[in-house]
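Sequences listed follow chains A and B, in order.
The first sequence lines up with residues -5 to 130 when you count with my numbering.
The second sequence lines up with residues -9 to 87 when you count with my numbering.
One structure is given below, encoded as structure tokens.
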Amino acid sequence: MTLTRAFPPRFDALADLVAFTAAAFEQKGIDRSLLTVADFALEELFTNVVKYGHTDAAVHVELRAIPGGFEACLTADGVADFDVTRAPALDTHLPLEQRQPGGLGLQLTRQMVDSIEYDYQDTQRRSRVTFRKTLV
Amino acid sequence: MLKIEFGSQGIVVVEGRLDAAQAATAQAFLDGVSGSVVLDCSALEYLSSAGLGVLLKTQKRLKVASGGLRLTGVNRHVHDIFRYAGFDQIFDIAPAP
């Protein structure tokens, strides 16, 4: 069974999102060593909607247990088509003086999870990102 | 929640979660430090890309003035994030014992 909750697209909703994820892990018996990955990926995807989505619609987060780990899905309505799985990668080997803050969140998310998929429905301007992580 | 303050011997102690909701608080504090600064991360539970941005901005500013941030007590999660981001090459990091 999947646990679902809606969050307003605001930075101050992050604390509730973290609480929801921790409770879902507890309820579903998901290994807590995977919790930081879930928190990180959900925060990056959620804040991406907050910063660039230009929507007032609630963001829906679903979380369920899968064998050895979890699957999470984040759905946002009224947003532009932006495939987070194809966001440009930054060069993480640049020296300090050439580094600029920003742009790393989606890249690190892709590195941390086992799989990530993006879907977009034009009619509702709905983006849906699903990712999974299991213990290796 | 995030707590950031000066500890003993001028060390900056950060506790809790440095996420997008807390980044402005951390940045405001770190904008006030100068020179070579030790950041005690022993109680830093979680770091997101917003937190990376705060640390990068601070490191760039301090390095220009021949200072810098040294991070101590870094837990596994934070160290993994640093490694993925290549920040282990541009920060002096001491992991948690």
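Even for Gly, the Cβ is constructed at its ideal location relative to N, Cα and C.
- Ranked by Cα distance from E5 (chain B), the first of B:A55, B:L61, B:Q49 is B:L61.
- Under the DSSP assignment, Q115 (chain A) falls outside any alpha helix (DSSP H), being part of the beta strand (DSSP E) whose first and last residues are 109 to 115.
- Cβ contact annotation for Y36 (chain B) (same chain, cutoff 6 Å, sequence separation greater than five): R7, in chain order.
- A straight line joining the alpha-carbon of G62 (chain A) with that of E111 (chain A) spans about 19 Å.
- Going by DSSP, H67 (chain B) is part of no beta strand (DSSP E) but of the alpha helix (DSSP H) stretching over 66 to 75.
- Across the set B:N65, B:K53, B:D82, B:C31, the C-alpha of B:C31 shows the shortest separation from the C-alpha of V2 (chain B).
- In the DSSP assignment, G63 (chain A) falls within the unbroken beta strand (DSSP E) covering 63 to 70.
- Contact between N42 (chain A) and G96 (chain A) fails: their C-beta atoms lie close to 11 Å from each other, not under 8 Å.
- Between the region 7 to 17 of chain A and the region 34 to 48 of chain A, the count of Cβ pairs shorter than 8 Å is three or higher; the stretches touch.
- For V23 (chain B), no Cβ of chain A is located within less than 9 Å of the residue's own Cβ.
- Among the residues of chain B, those whose CB is under 7 Å from the CB of P95 (chain A) are G43, L46, K47, following chain order.
- Among the CB atoms of chain B, none fall inside 9 Å of the CB of F76 (chain A).
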